[in-house]
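One structure below.
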Amino acid sequence: MRIAIIGTAALLTLGLSACNKQEMTVGAPVAGGARATAMLRTADNADVGMASVSEVAGGLRFTIDAKGMPSGTHGAHVHMVGRCDAPDFTTAGGHWNPTGMKHGSMNPQGPHEGDLPNLIVGTDGRGTLGITIPGATLAGLLDADGSALVVHAAADDLMTDPSGNSGGRIACGVFSAA
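Numbered by mature numbering (1 follows the signal peptide of the UniProt record, and there is no 0), the letters in the sequence shown go through residues -18 to -1, 1 to 160 in order.
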C-alpha cells in the first residue's frame, strides 16, 4: 500500500512538472521577435500612453502603459481595423476575433484574441497591463487593414458579447511595426 501511495505521488509530481514546463514555454521571449507599437490618444488628440506587442513563444505579448487617463477600471481590447478616427473611434471596428469566439474570459464560449484584462488606472492617471495571448500572430494583427488598441470608459464584465458592457471608447492607437 505504501509503495502504491509513493508511486502515485511520484507520478503526480512528474505530471505537474510537465504541465509547468509546458506553460513556461508559452510566452517566453523570442530572440529577434517582431514588435509593433500603438500610441494611445484621446478624441482631442491628447497623448495618453502606448501599447506594444511582441512575438513570444506560442503567441503575442501585449503591454499597455497608460498616462493621463481617468482613474478607474477600463475595458481594453484589440480591435480589428487599424483606424482611430475621432470622436468615437468606431472606425476601429469590432474586437479582433480571428477564431470566431464569443467575448470575454468568463464566457464559456470565449475569449477571442482581442480580449484583454481590464486596465486599472490609479488616481495619478497611470495604469499598466501585460498579457500573453496564446496562438495570436503578428501577421494576423498587422494584416491588410491593421488593428488598433482601444480603451473603453467603463470596466469590462469579461462576459457579455460583444464588448463586455465596457462603454464608450475613450482612447485609441493604431498598431504599426516597430
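Beta carbons: idealized from backbone N, C-alpha and C, even for Gly.
Source: prediction; values computed, not measured.
Please report the straight-line C-alpha distance between residue i and residue j, rounded to a whole angstrom.
{"i": "A137", "j": "L123", "result": "24 Å"}
{"i": "F71", "j": "R65", "result": "8 Å"}
{"i": "G73", "j": "V63", "result": "Strictly speaking, residue 73 in this sequence is Thr, with Gly absent from that position. Their Cα atoms are separated by approximately 7 Å."}
{"i": "L22", "j": "G82", "result": "26 Å"}
{"i": "H77", "j": "D26", "result": "23 Å"}
{"i": "A28", "j": "G117", "result": "33 Å"}
{"i": "A(-9)", "j": "G9", "result": "For A(-9), the predicted structure reports a pLDDT of 39, less than 50, and the residue's modelled location is therefore unreliable. A value from the coordinates is still provided. Going from the Cα of A(-9) to the Cα of G9 covers about 28 Å."}
{"i": "S129", "j": "N89", "result": "23 Å"}
{"i": "G14", "j": "H59", "result": "26 Å"}
{"i": "T105", "j": "T55", "result": "11 Å"}
{"i": "A16", "j": "S158", "result": "11 Å"}
{"i": "L142", "j": "I46", "result": "Reading off the sequence, residue 142 comes out as Thr, not Leu. If you take the alpha carbons of T142 and I46, they lie about 23 Å apart."}
Would you decide whether residue i is buried or exposed? Buried here means 16 or more other CB atoms lie within 10 Å of its CB.
{"i": "D97", "result": "buried"}
{"i": "N100", "result": "buried"}
{"i": "K3", "result": "Reliability of the predicted coordinates at K3 is poor, the pLDDT of 41 falling under 50, and the value obtained from them is presented with this limitation in mind. Its Cβ having fewer than 16 others within 10 Å, K3 is exposed."}
{"i": "P93", "result": "buried"}
{"i": "A160", "result": "exposed"}
{"i": "G57", "result": "buried"}
{"i": "V103", "result": "buried"}
{"i": "A68", "result": "exposed"}
{"i": "residue 225", "result": "Any answer about residue 225 is impossible in this case: the structure gives the chain only from -18 up to 160."}
Using 8 Å for Cβ pairs, my map puts residue i next to residue j. What's the rounded Cβ distance?
{"i": "E95", "j": "I115", "result": "5 Å"}
{"i": "G107", "j": "S53", "result": "7 Å"}
{"i": "L120", "j": "A33", "result": "The Cβ separation is near 14 Å, so there is no contact."}
{"i": "residue 190", "j": "P11", "result": "Nothing can be reported for residue 190, as the shown portion of the chain is limited to -18 through 160."}
{"i": "A20", "j": "G155", "result": "3 Å"}
Near residue i, what residues of its chain come up, given a Cβ to Cβ distance below 6 Å and the 5 sequence neighbours on each side ignored?
{"i": "Q91", "result": "K84"}
{"i": "V35", "result": "A18, L42, F44"}
{"i": "D125", "result": "none"}
{"i": "G40", "result": "V8, P116"}
Note down, in chain order, each residue of its chain lying with its Cβ closer than 7 Å to the Cβ of residue i, except the 5 sequence neighbours on either side.
{"i": "V30", "result": "L22, R23, T24, A48, K49, G50, M51, A153"}
{"i": "S87", "result": "P93, D97, L140"}
{"i": "H61", "result": "A74, G75, G76, H77, W78, G96, S129, A130, V132"}
{"i": "G150", "result": "D70, H134, A135"}
{"i": "D127", "result": "V63, G64"}
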